[in-house]
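Q: This is the structure, below, for whatever I ask next.
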Ligand code: SF4
């Protein structure tokens with residue numbers, strides 16, 4: 154897994170609540186059998202004026218000048234600032250792949266939808282939930298070019314004036330990210346426990362192990 | 000200590016609790032479809048890993064399959080990328096030895112219809128799938144939730160997931176639903192009350208007289224939409240309805256094993272004095288048929304109600320959301336819901352494409368026809384077996400006579416990955432679960448309703464209380 158320790162970058166504000174994964178990466182781009190190639194279609198329905206289609210290249214597209222990520226001052230932003238319930242809806246991990254490929258390393262919002270939140274950690278993108286007032290203040294500062302520093306080991310977000318905002322992160326997920334561990338490899342270290350569980354479960358509930366083939 | 004249904008399901012699947020508060024949770028059933036699995040299989044190959052337990056997996060293509068001309072099989076998929084994706088699922092299942100119901104198999108269908116229908120989902124199981132509507136399977140007193148592609152790979156390789164336990168949330172729907180008010184209306188009303196993030200971090204248990212009175216199909220509709228209120232999983236306690244539904248299904252236990260299983264399943268209820276972290280009590284008897292007017296399932300109103308005025312929103316964020324939604328949907332504040340006119344009607348999706356749903360829609364449509372202003376009305380059964388059953392009952396003829404299209408099973412216009420989609424600014428009465436911007440096609444405007452309400456809207460050309468057409472019956 155891609156590691157994440159500290160990251161400093163500029164912030165792009167997306168001032169909408171309940172942004173769903175259908176908006177982050179629309180369905181017509183889910184037909185790929187690869188993990189890459191989604192960045193150009195991040196927020197496709199908002200970012201471009203014409204209807205997106207996997208066969209179109211970015212320079213054939215009609216840019217929506219009113220969409221915030223298209224504003225010159227937010228080019229190169231690596232931290233996305235968002236509102237409540239970011240990433241709700243479908244479980245498509247493609248949403249995180251698109252954010253990551255576009256260049257975002259962290260998303261800051263008051264809260265996140267569960268499956269999206271989970272998917273972020275698998276791809277080295279850090280979802281950071283901060284109190285609504287702090288998020289509001291970041292939104293106020295973003296237009297002037299806010300730079301933030303995210304420190305995962307210390308679990309704080311630092312502003313240029315040195316203020317620190319603490320955030321919560323699950324200890325297991327933190328370790329996975331900081332050390333860039335392979336989660337499957339880690340689980341397979343417990344293979345004997347899994348086999349033991351199967352043995353005892355099979356005795357109590359044999360019908361769960363009837364093959365479906 | 001008294002435990003909830005969720006506590007029991009969780010406890011019986013913990014392989015190992017870790018010091019950091021996470022747990023290794025065993026997965027009994029893993030369902031796969033073509034969209035979220037190719038990268039997971041690729042991951043296995045790259046790491047040189049093989050699936051932990053082949054017979055726990057079941058696959059079927061659903062999102063990309065065309066719903067016409069099934070006889071041509073995979074060749075019938077016009078778009079190259081979609082065809083490659085379905086083909087890739089076939090190849091992966093072949094390579095690894097996973098059971099798959101392919102495009103021409105009568106058992107093929109939407110993965111969440113197929114699992115319960117086959118008895119591949121059983122009470123007391125943990126069920127996962129790379130799809131957020133996996134919550135559907137909770138209707139069978141199972142712990143079921145959607146996962147991302149990395150987790151699909153993790154389950155394939157280890158038969159486990161690293162999880163943190165969610166909190167318990169009981170939804171107590173008191174009183175029986177009025178005739179003609181359905182599980183879909185109950186689901187939408189709950190989401191309207193809780194909001195799309197109301198259940199985040201929780202597992203729902205749907206309880207109360209209204210839920211006990213639902214058929215298995217109705218319970219699946221209800222659990223299906225848990226995710227639309229933010230909860231990854233929702234479940235209903237085991238009872239006689241569950242038992243009778245499961246009995247005799249192809250992969251259900253038989254003989255002595257059946258008796259033993261049923262004995263064990265009787266414990267799949269919350270203990271009398273179990274404590275829930277949160278609870279919502281709802282007067283289900285007072286509910287009316289529901290219609291969504293906006294771009295989030297929480298934007299919902301009674302069919303006799305009106306589109307709200309952003310001036311009445313509870314805060315600035317909601318106001319902004321409502322204004323944006325009204326603009327996208329092309330609606331006015333205060334407009335009567337029954338004044339919303341429809342261009343297309345879609346009856347299908349993992350929420351409402353089971354036999355009972357088709358019966359409810361047919362009972363409204365029988366002897367009537369689709370309004371002239373409606374360009375297209377289609378019925379897409381959830382699986383090949385649902386389709387067969389409906390045809391045996393003659394429902395297809397009722398739909399065809401009325402001017403509906405009668406399609407082959409798949410996700411279809413629920414997310415419009417296949418050619419079934421809305422045009423720009425077209426309004427659609429849909430029995431699916433998401434009304435997000437562009438969900439059913441670029442610029443398309445989706446209104447979520449029950450099958451009876453969608454059928455009534457097709458006939459009238461605008462929303463109408465379906466009970467007016469059925470004399471109050473469902
Ligand atoms: S029917 Fe719709 S919601 Fe259900 S699995 Fe298919 S695309 Fe997803």
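Protein chains in written order, with the numbering used here: chain A, 154 to 366; chain B, 0 to 473.
For each residue, glycine too, the CB sits at the ideal point set by N, CA and C.
Computed from a prediction, not measured in an experiment: that's the story for all the values here.
Quick check: the Cα distance between residue 178(A) and residue 182(B), rounded to an integer number of angstroms?
A: One C-alpha to the other measures close to 30 Å.
Q: Does the Cβ-Cβ distance between residue 122(A) and residue 195(B) come in under 9 Å?
A: No answer is possible for residue 122(A): it lies beyond the span of chain A, which begins at 154 and ends at 366.
Q: With a threshold of 8 Å, establish whether the CB of residue 146(B) neighbours any heavy atom of the ligand SF4.
A: Outside the cutoff, so no.
Q: DSSP has residue 202(B) in a bridge; who is on the other side?
A: Looking at the DSSP assignment, residue 202(B) forms a beta bridge with 167(B) and 232(B).
Q: Can you find a C-beta in chain A that's less than 9 Å from the C-beta of residue 331(B)?
A: Residue 331(B) does not count as touching chain A.
Q: Could you tell me which whole alpha helix (DSSP H) segments of length 4 or greater appear in the segment 247-328 of chain A?
A: Runs found: 247-255, 267-274 and 285-295.
Q: Runs of 3 residues minimum, wholly inside the segment 22-103 of chain B: which ones carry the beta strand (DSSP E) assignment?
A: You should have 22-25, 28-31 and 56-58.
Q: Give every residue of the same chain whose Cβ lies closer than 7 Å to the Cβ of residue 473(B), excluding the five residues on either side of it in the sequence, and list them in chain order.
A: Because the pLDDT at residue 473(B) is just 46, under 50, the model does not fix this residue reliably, and the value given afterwards should be weighed accordingly. The residues are 178, 179, 181, 359 and 451.
Q: Using 9 Å as the threshold, is the C-beta distance between residue 382(B) and residue 108(B) below it?
A: Yes, these two residues count as a Cβ contact at 9 Å.
Q: For the segment 220-243 of chain A, which residues have a CB atom closer than 8 Å to at least one CB atom of chain B, in sequence order?
A: From the segment 220-243 of chain A, only 236, 237, 238, 241, 242 and 243 have a Cβ closer than 8 Å to chain B.
Q: Just checking: is the beta-carbon of residue 25(B) within a distance shorter than 9 Å of some beta-carbon in chain A?
A: Yes, because at least one Cβ of chain A sits closer than 9 Å to the Cβ of residue 25(B).
Q: Using beta carbons (cut-off 9 Å, strictly below), is residue 102(B) in contact with chain A?
A: Residue 102(B) does not count as touching chain A.
Q: Residue 6(B) by DSSP, collapsed to three states: which one?
A: DSSP places residue 6(B) in helix when its eight states are reduced to three.
Q: Which residue from 217(B), 395(B), 16(B) and 56(B) puts its Cα closest to that of residue 153(B)?
A: It is 56(B) whose Cα lies nearest to the Cα of residue 153(B).
Q: Using the DSSP secondary-structure output, state which residues sit across from residue 232(A) in a beta bridge.
A: Partner(s): 164(A) and 259(A).
Q: Tell whether a beta-carbon distance below 9 Å holds between residue 247(A) and residue 174(A).
A: Yes, the Cβ-Cβ distance between residue 247(A) and residue 174(A) is below 9 Å.
Q: Using a 10 Å radius around the Cβ and a threshold of 16 neighbouring Cβ atoms, would you call residue 480(B) buried or exposed?
A: Lying before the first or after the last residue shown, residue 480(B) is absent from chain B, which here runs from 0 to 473.
Q: So residue 198(A) contacts chain B; which residues on that side make the cut at Cβ distance below 8 Å?
A: Near residue 198(A) (Cβ distances below 8 Å), the residues of chain B are 436, 437 and 441.
Q: Within 8 Å, do at least three Cβ pairs link the segment 349-357 of chain B to the segment 104-118 of chain B?
A: The answer is yes - the segment 349-357 of chain B touches the segment 104-118 of chain B, with three or more Cβ pairs under 8 Å.
Q: Less than 9 Å between CB atoms is the rule here; does residue 46(B) satisfy it with respect to chain A?
A: Taking Cβ atoms only, chain A reaches closer than 9 Å to residue 46(B), which makes this a yes.
Q: So what does DSSP say about residue 349(B), is it helix, strand or coil?
A: Correct three-state label for residue 349(B): coil.
Q: Return helix, strand or coil for residue 470(B), following the three-state DSSP convention.
A: DSSP places residue 470(B) in coil when its eight states are reduced to three.
Q: In chain A, which residues lie less than 7 Å from residue 255(B) when you measure between Cβ atoms?
A: The premise fails here: residue 255(B) is roughly 10 Å from chain A at the closest Cβ pair, so nothing lies under 7 Å.
Q: Closer than 9 Å, CB to CB, is residue 288(B) near chain A or not?
A: It does not; no Cβ of chain A falls within 9 Å.
Q: From which residue to which residue does the alpha helix (DSSP H) around residue 175(A) run?
A: Unbroken alpha helix (DSSP H) run through residue 175(A): 174-177.
Q: Taking 9 Å as the CB-CB limit, is residue 416(B) close to chain A?
A: With 9 Å as the cut-off, residue 416(B) counts as an interface residue toward chain A.
Q: Which bits of chain B does residue 271(A) rub up against, with CB to CB less than 7 Å?
A: The answer, in chain order, is 147.
Q: With C-beta atoms as the reference, is residue 332(A) less than 9 Å away from residue 156(A)?
A: In this structure, residue 156(A) lies closer than 9 Å to residue 332(A) by Cβ.
Q: So, for residue 270(B): in the same chain, excluding its five sequence neighbours on each side, which residues have a beta-carbon less than 6 Å away from its beta-carbon?
A: Closer than 6 Å at the Cβ level, and outside the excluded window around residue 270(B), lie 1 and 2.
Q: For residue 406(B) and residue 461(B), I'd like the C-alpha separation in whole angstroms.
A: Roughly 23 Å separates the two Cα atoms.
Q: For chain A, is any of its Cβ atoms less than 9 Å away from the one on residue 51(B)?
A: Residue 51(B) counts as touching chain A.
Q: Can you list, in chain order, the residues of the segment 157-184 of chain B whose Cβ is nearer than 7 Å to any Cβ on chain A?
A: Listed by position along the chain: 157, 158, 159, 161 and 163.
Q: Alpha carbon to alpha carbon, how far is residue 247(B) from residue 368(B)? Give it in angstroms, no decimals.
A: Going from the Cα of residue 368(B) to the Cα of residue 247(B) covers about 37 Å.
Q: Comparing the CB of residue 348(B) with every heavy atom of the ligand FAD, is any distance shorter than 8 Å?
A: This structure simply doesn't include the ligand FAD; it includes the ligand SF4 instead.
Q: From the DSSP output, in three-state form, read off residue 330(A) for me.
A: In this structure, residue 330(A) counts as helix in the three-state DSSP scheme.
Q: For the segment 337-354 of chain A, which residues have a beta carbon sitting closer than 9 Å to at least one beta carbon of chain B?
A: Result list: 337, 338, 339, 340, 341, 343, 344, 346, 347, 349, 350, 351 and 354.
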